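Counted the way our numbering counts, the sequence shown spans residues 6 to 405.
Where is the CB? At the ideal position from N, CA and C, for every residue including glycine.
Remember, it's a predicted structure, so these values are computed and weren't measured experimentally.
What follows is one structure encoded as structure tokens, with my remarks underneath.
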Amino acid sequence: MAKKGKGRYKIIFDMDGVITGEECYWNAASLAVWELLFSPLYLGLEPAGELPRFKTALTPAEIASIRKTVFQEDKVIAFVKGHGVNSNWDLAFLTFGYQLVLLLKALAEKGLESTAWTNDVGHVIELEYLGTLARRALPGGWRPSFDAILSCWAGEARGAELAGELASRIPGGDRKRGEQISVYFSPLWKKVRDIFQEWYLGEEKYREFYCREPSVPGKRGLIFDEKPLLPVEKITATLKKLLQKGWLLGIATGRPLNELQPLLESMGIWELFDRGSVVTFDDVEKAEGALKAKGKTICLGKPHPFPFLKAYWGRELGAEELICPAPRKPEPSRCWIVGDSPADLAAAREMGGCFIGVLSGHSGAAGRPLLEKDGVAAVLPDLTFIPRYLSGVNGPTPKR
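Pasting the structure below:
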């Protein structure tokens with residue numbers, strides 16, 4: 006049985022879909038998939054329909070067209086998110102990985118599945134070579150089928166399990182080869198993430214953050230288009246009301262700290278959050294690395310409860326204590342989780358906190374059925390409704 010501890014009265018917020026929007030992230034995800042498919046550096050396929058040829062200077066209309074095609078008017082986003090995927094890096098990875106599997110299957114029908122792997126010792130797939138092979142071997146070339154993913158994963162697979170299922174679809178069933186496509190933090194996953202970051206951050210910020218050159222120069226950076234979901238004044242007033250009532254405020258997000266902090270500082274709300282209660286991708290990556298060094302390979306991003314548990318307990322408990330079969334859980338009345346996705350809900354329920362769903366994310370009111378599950382405390386229009394709702398529960402002693 007999981008141990009429970011009192012701890013502090015704390016509200017932990019997801020970021021995207023709660024305080025910040027995801028439009029720029031979804032644009033970056035679609036551009037990463039588009040680049041991997043159509044850039045001559047990678048598969049170098051011939052774009053069809055409304056898709057432009059690869060270039061780095063894109064108009065807003067071209068970005069919208071790419072996202073509309075790659076994500077099938079956002080049906081792919083809703084489908085993948087509905088299966089418990091929280092990270093937009095993973096969204097891009099799964100979307101591209103599925104197209105790659107389709108291409109490998111097409112080559113397998115020609116008896117070329119082994120030829121696609123240029124380094125059979127290391128089981129490394131070379132995308133540029135694979136694209137050349139496809140152009141030579143497949144009459145009329147090969148076209149992605151972006152809507153095909155919508156009929157994939159019909160079972161109960163969730164979160165990281167989706168990537169694992171890609172391995173079973175690799176022609177020949179070679180586990181090592183499958184891991185190149187299916188395992189998070191594989192070389193291919195890292196390539197997808199890096200391209201995503203180049204589009205999101207832009208050339209200058211990418212160089213500043215990572216101290217290396219981007220693979221392709223000239224990207225402006227979608228980060229400059231970031232906007233909060235609500236007027237900053239309303240967000241600030243809401244957070245200050247909660248602080249005045251005695252709540253500590255935390256964050257559990259898949260964003261890296263070097264993206265999160267400048268954004269919240271620009272909004273003037275960074276100082277309202279308790280530093281020890283802010284958990285980002287960096288914390289998850291560090292914990293996963295420490296566990297891997299001990300022979301434990303675990304994906305700790307949401308829907309795993311680790312980010313929320315870490316945000317609640319701070320430095321009090323280490324990673325191994327938070328991932329054990331019976332981790333120390335907070336008293337539900339002292340820990341409230343605010344999120345907009347099934348991944349947030351699953352993680353909150355697993356960690357033992359009370360969950361408040363908000364409909365301010367991309368799905369809006371249509372997301373209500375996904376959030377209205379047994380045990381959910383409330384589903385509210387947006388975070389500004391939280392102070393009034395929590396005024397009816399036994400909470401901390403208000404500050405004087």
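Check	Outcome
Exposed unless 16 or more other CB atoms sit within 10 angstroms - verdict on P149	buried
DSSP bridge partner residues for V23 (one or two, in chain order)	According to DSSP, V23 bridges with nothing at all.
Alpha carbon of L247 to alpha carbon of I274, nearest angstrom	13 Å
Nearest residue (CA-CA) to A54, options S44, L63 and K73	First, the residue type needs correcting, since residue 54 is Gly and not Ala in the sequence shown. Comparing Cα positions, the closest option is K73.
Residue from G366, L108, I71 and E28 whose Cα sits closest to the Cα of V343	G366
Neighbourhood of P57 by C-beta distance below 8 Å, restricted to the same chain and skipping five residues each side	L63, E67, S70 and I71
G146 and E27 closer than 8 Å at C-beta	no
For Q104, the nearest candidate out of G136, D79, V90 and N91 (CA to CA)	G136
Span separating the alpha-carbon of K307 from that of R141	41 Å
Rounded Cβ spacing between M356 and F286 (contact assumed at less than 8 Å)	That belief does not hold up - the Cβ atoms of M356 and F286 are roughly 18 Å apart, past 8 Å.
The region 383-393 touching the region 243-261, judged by at least three CB pairs closer than 8 Å	yes
Pair within 8 Å by beta-carbon distance, L364 and V384	yes
Nearest candidate by alpha-carbon position, reference N91, set L277, R333 and H309	H309
Proximity of A292 and F311 at Cβ, strictly below 8 Å	yes
C-beta contact flag for Y14 and R212 at 8 Å	no
Residue burial classification, S346 (beta-carbon count within 10 angstroms, cutoff 16)	buried
Local Cβ density within 10 Å of Y47, reported as buried at 16 or more and exposed below that	buried
Limits of the unbroken alpha helix (DSSP H) element including F101	N93 to A113
Counterpart residues of W341 in DSSP-defined beta bridges	I16 and C359
Whole-angstrom distance between L254 and L277, CA atom to CA atom	7 Å
Beta-carbon proximity check, G89 vs A348, cutoff 8 Å	yes
Coil, strand or helix - A383 by DSSP	strand
Residue(s) in a DSSP beta bridge with I256	F18 and V283
Proximity winner among R198, Y30 and L41, relative to I82 (alpha-carbon distances)	Y30
Sub-8 Å separation of L132 and L41 beta-carbons	yes
Start and end residues, alpha helix (DSSP H) containing A5	The requested residue 5 is not part of the displayed model; the chain covers only 6 to 405.
Beta-bridge pairing of P233 - partner residues as DSSP gives them	T25
For G319 and S437, believed in contact at Cβ under 8 Å, the rounded distance	For residue 437 there is no data in the structure shown, the boundaries of the chain being 6 and 405.
Y394, buried or exposed, once every other Cβ within 10 Å from all chains shown has been counted against 16	exposed
8 Å contact criterion, which V75 and S35 should meet: CB distance rounded	4 Å
E208 beta carbon less than 8 Å from that of P222	yes
Selected residue, minimal CA-CA separation from P267, among L305, L206, P65 and C329	L206
Neighbour-count burial assignment, K334, 16 or more Cβ in a 10 Å radius	buried
Residue interval of the alpha helix (DSSP H) (run including N399)	Per DSSP, N399 belongs to no alpha helix (DSSP H) and is neither H nor E.
Given G400 as reference, the closest of W341, I130 and T302 once Cα atoms are compared	W341
Same chain, Cβ closer than 7 Å to D288, five either side skipped, listed in chain order	K315
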